[in-house]
Structures are given as structure tokens and as C-alpha cells.
Amino acid sequence: MSDRGGEEEVTSSFNWSSVTNQNKANGSTNCVWNDTSAHPFFLVVYSLVFLVGLLLNGFMMFYFCRAQQKPSSSMMIYLRNLVAADFLLCLSLPIRITNYATSSATIHQVNCNFGASVLFLNMYASIMFMGYIAANRYLKVVQPLGTHILQSVRVTYIISTVTWVFLLAVTCSYVILSFHTQEPFTSVPVSCQGFHSGQHTLLFRIIHVSSTVMFLCVLVSLVFFYYSTSRRVLLAQQRQPASSNSMKLARSRRNMLVLVSVFCFCFSPYHLIRLPKAFLWMHCSWSKVFYYGMELTVVMSVLNVCLDPVIYFILCKGFRNQLRLGVVRGN
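Numbering (this note's numbering), first residue to last: 83 to 413.
Printed below as a string of C-alpha cells:
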């Protein structure tokens with residue numbers, strides 16, 4: 083249904099909002115699906131994720147801050163960075179929650195310019211560091227008696243720093259361009275794409291294609307690491323079923339499976355819908371599908387902040403021992 087300047091009465095809880103600013107890239111009208119009936123649901127879900135995620139990741143931050151000042155292993159460095167990414171994402175969720183709780187144009191604009199950018203930053207930081215953790219575990223399997231150069235503390239710090247600098251540069255470029263190219267609008271669009279100009283849309287597509295390629299590279303790597311580890315477990319069990327080496331490989335396969343499962347559950351649905359959305363969102367016939375699809379898959383990706391502590395528990399032996407000690411003292 084189209085909004086015809088108030089002359090046509092809207093009888094349902096949603097309407098089509100035809101934003102009047104023209105896209106400079108293709109000259110087409112920017113159609114946005116304006117359905118706010120699901121906002122209470124997302125408000126409750128994000129609030130629960132925020133509370134649970136803040137509690138779990140706050141506890142993990144407390145643990146890592148109390149632990150040794152300089153991590154002695156590459157795994158601990160990557161886990162600390164993953165915790166930092168999840169904790170920062172938790173801190174950004176109140177912006178998204180407020181956006182669902184109010185119809186303020188200012189809040190919506192802040193969410194699109196800052197909230198969505200912080201979500202992008204920490205989501206891809208999580209994706210990259212989960213990939214690094216999987217690679218680290220795989221190198222531990224293929225070289226159990228030695229240390230690969232990529233597992234050295236120095237190289238790990240360099241990789242972590244380069245990752246954060248790269249993601250921050252992309253995020254800052256996106257935010258700066260948002261402010262400089264944003265065009266006036268006559269109605270507040272529900273989707274952030276309603277704020278995009280022609281230049282912004284081009285950068286938006288480039289970033290989405292590049293980040294999707296990044297995600298696919300990490301996904302393929304994770305699947306390869308799990309497949310290769312599983313083959314090694316099978317061969318070891320055929321040779322010596324009850325050996326300690328066979329049991330260690332089995333634990334490595336279990337850890338890799340947990341990592342791959344969390345990764346696929348949280349990030350695969352989001353990327354399946356986001357890339358086509360970057361190119362088809364201006365078509366009014368697709369707006370409804372993309373709106374609901376993106377909202378649901380973003381929730382799944384944000385659930386990462388609640389599922390990552392499972393990875394910490396499995397991969398961090400010191401954390402498990404500390405947790406058991408706390409339980410024993412409590413009893």
C-alpha cells in the first residue's frame with residue numbers, strides 16, 4: 083500500500099513508505115517496508131540478549147583481567163580479543179533496543195550511523211578471531227610437538243592488531259560517508275537503507291560483497307579444519323583406539339565441531355540474505371522479505387555473544403579449572 087499524502091486511510095498495522103529522495107545511482111524510488119508491529123518482539127529479544135551477554139562476557143572480561151597480564155599462548159590472545167569483541171557488541175545493544183522502543187527519527191538515525199556500524203565491526207571481529215582460533219587448533223593437531231610461526235605470541239599480536247585496524251578503518255569510512263552524503267527525507271524509513279544516497283549505496287554494496295567473501299573464506303577454512311581433524315581422528319582410532327593420542331584428537335575434533343556449529347548458526351543465515359539484499363532492497367516486491375529476513379538473521383548473529391562463552395569454556399583449560407574451584411568453594 084502506498085502513502086498518498088494522508089488522502090488514503092491506512093487500515094492495517096503496516097504501510098508502504100515511498101521515500102521521496104531519488105537514488106542518484108539508478109534514479110529509482112527507494113521503497114522501504116514500514117512494519118513496526120514486530121518491534122515489541124525484537125525489543126524483548128535484544129533486551130534478554132543484552133542482559134545475558136553482558137553478564138557472561140562481563141564475567142569473562144573479569145577472568146581475563148585477573149589472569150596473567152601478558153598471555154603466554156596465541157590461543158589466550160585470540161580468546162581475549164574475541165571476548166573484547168563480544169563485550170563491545172553488548173555495550174552497543176542499548177542503541178538498538180532504544181531504536182525499537184521509540185519512533186524518534188534522531189534515535190533511528192543514530193542507530194543506523196553508529197549502532198549498525200558497531201554491530202558490523204564486532205561481528206566481523208568475531209568472525210575473524212573465530213577463524214584464527216580454529217586455525218590455531220588445527221596447527222596444534224598437525225604439529226603437536228612443535229610451534230608454527232603463526233602460533234608465536236609476537237605474530238599473534240601482529241595479526242590481532244592488523245585485524246582491528248582494518249575493521250576500524252572500514253567502519254569509520256562508512257560512518258564518515260554516511261554523514262557527508264546523507265540526503266533529506268520526508269518520512270522516517272524503518273530500514274537504514276532509506277538514508278542511503280547514491281554514493282553511499284555504492285560503498286554499501288562494495289563493503290557487503292567484500293565482507294561476504296571474507297565470511298566465506300573463514301567458513302571454508304573452518305569446514306576444512308574440521309574435516310581434516312576428523313580424518314586424523316579416524317586414522318588414529320583405526321591404529322590405536324585406546325591410545326592417549328587418539329583421545330586428544332577426539333577432543334580436538336569435538337572442540338572444532340563446537341566452533342563450526344556456533345559459527346554457522348550465528349553468521350550463515352545473515353550472509354545468505356544480506357548479499358542479495360544489498361542489490362535488491364530498492365525493489366518494493368522484495369522489501370517485506372528482506373526486512374523480516376534481516377531482522378531475524380541479525381538477532382541470530384547477535385546471539386553469538388551468548389554462545390561464545392561455550393567456546394571459552396571448552397578451549398580455555400585455566401578458565402575451566404577456575405570455574406570448578408569456584409564451585410567447590412561455593413559448596
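Note that CB positions come from ideal geometry on N, CA and C, so glycine has one too. This one's a predicted model, so the numbers in the text were calculated from it and none came from an experiment.
Nearest neighbour of residue i, chosen from the options [CA to CA]
i	options	result
Phe-211	Leu-171, Ile-241, Thr-184	Ile-241
Ala-251	Phe-202, Asp-390, Asn-337	Phe-202
Arg-313	Val-223, Ser-156, Leu-298, Thr-238	Val-223
Ser-350	Leu-405, Ile-288, Phe-297	Phe-297
Met-299	Tyr-160, Cys-346, Phe-286, Ser-328	First, the residue type needs correcting, since residue 299 is Cys and not Met in the sequence shown. Out of Tyr-160, Cys-346, Phe-286, Ser-328, Cys-346 has the C-alpha closest to the C-alpha of Cys-299.
Ile-416	Phe-169, Arg-356, Arg-336, Val-235	There is no way to answer for residue 416, as the model of the chain reaches only from 83 to 413.
Tyr-206	Leu-170, Asn-193, Val-237	Leu-170
Ser-208	Ala-166, Gln-225, Thr-229	Ala-166
His-121	Pro-391, Phe-395, Val-381, Gln-233	Val-381
Ala-198	Gly-213, Gln-225, Asn-181	Asn-181
Phe-306	Val-342, Ser-185, Lys-359, Phe-401	Val-342
Trp-397	Leu-130, Cys-194, Ile-215, Asp-168	The sequence given here has Leu at residue 397, not Trp. The option with the nearest alpha carbon to Leu-397 is Ile-215.
Tyr-256	Val-302, Leu-284, Ser-369, Arg-402	Leu-284
Ile-159	Leu-173, Met-143, Thr-294	Met-143
Thr-184	Val-237, Ser-119, Ser-156	Ser-119
Ser-129	Leu-164, Cys-172, Ser-155, Phe-146	Cys-172
Gln-233	Ala-217, Asn-195, Phe-401	Ala-217
Leu-161	Leu-407, Arg-406, Phe-395, Gln-404	Phe-395
Leu-400	Asn-139, Met-338, Met-157	Just to set this straight, residue 400 is Gly in the shown sequence, not Leu. It is Met-157.
Leu-304	Gly-213, Pro-391, Asn-204	Gly-213
Phe-124	Pro-391, Ile-393, Thr-379	Thr-379
For residue i, the three-state DSSP class (helix, strand or coil)
i	result
His-230	coil
Ala-167	helix
Gln-225	coil
Ser-185	coil
Cys-310	Sequence inspection shows Ser at residue 310; the Cys mentioned does not correspond to that position. In the structure shown, Ser-310 sits in a helix (DSSP, three-state: H, G or I).
Lys-370	helix
Cys-254	helix
Thr-118	coil
Ser-155	coil
is_contact[residue i, chain D] using C-beta, thresh 9 Å
i	result
Ser-334	Structure shown: chain D not included; a single protein chain is present.
Terminal residues of the alpha helix (DSSP H) in which residue i lies
i	result
Ser-129	121 to 148
Phe-196	Segment: none, Phe-196 is in no alpha helix (DSSP H) and carries neither H nor E.
Leu-397	386 to 397
Near the ligand NAD: residue i beta-carbon under 8 Å from a heavy atom
i	result
Phe-347	The model depicted lacks the ligand NAD and carries no ligand whatsoever.
Check your understanding: Contact between the stretch 304 to 320 and the stretch 254 to 262: three or more CB pairs below 8 Å?
Key -> With the cut-off at 8 Å, the stretch 304 to 320 and the stretch 254 to 262 do not touch.
Exercise for review: State whether the stretch 382 to 392 contacts the stretch 132 to 140, with contact taken as three or more CB pairs (one from each stretch) at a distance under 8 Å.
Suggested key: At 8 Å Cβ cutoff, the stretches touch.
Practice item. Taking 8 Å as the threshold, find out whether the stretch 188 to 199 comes into contact with the stretch 170 to 177 through three or more Cβ pairs. Key: The stretch 188 to 199 makes contact with the stretch 170 to 177, as at least three CB pairs between them are under 8 Å.
**Study point:** Touching by the beta-carbon criterion (3+ pairs, under 8 Å), the stretch 331 to 338 and the stretch 371 to 382
**Key:** Counting Cβ pairs under 8 Å, fewer than three are found: no touch.
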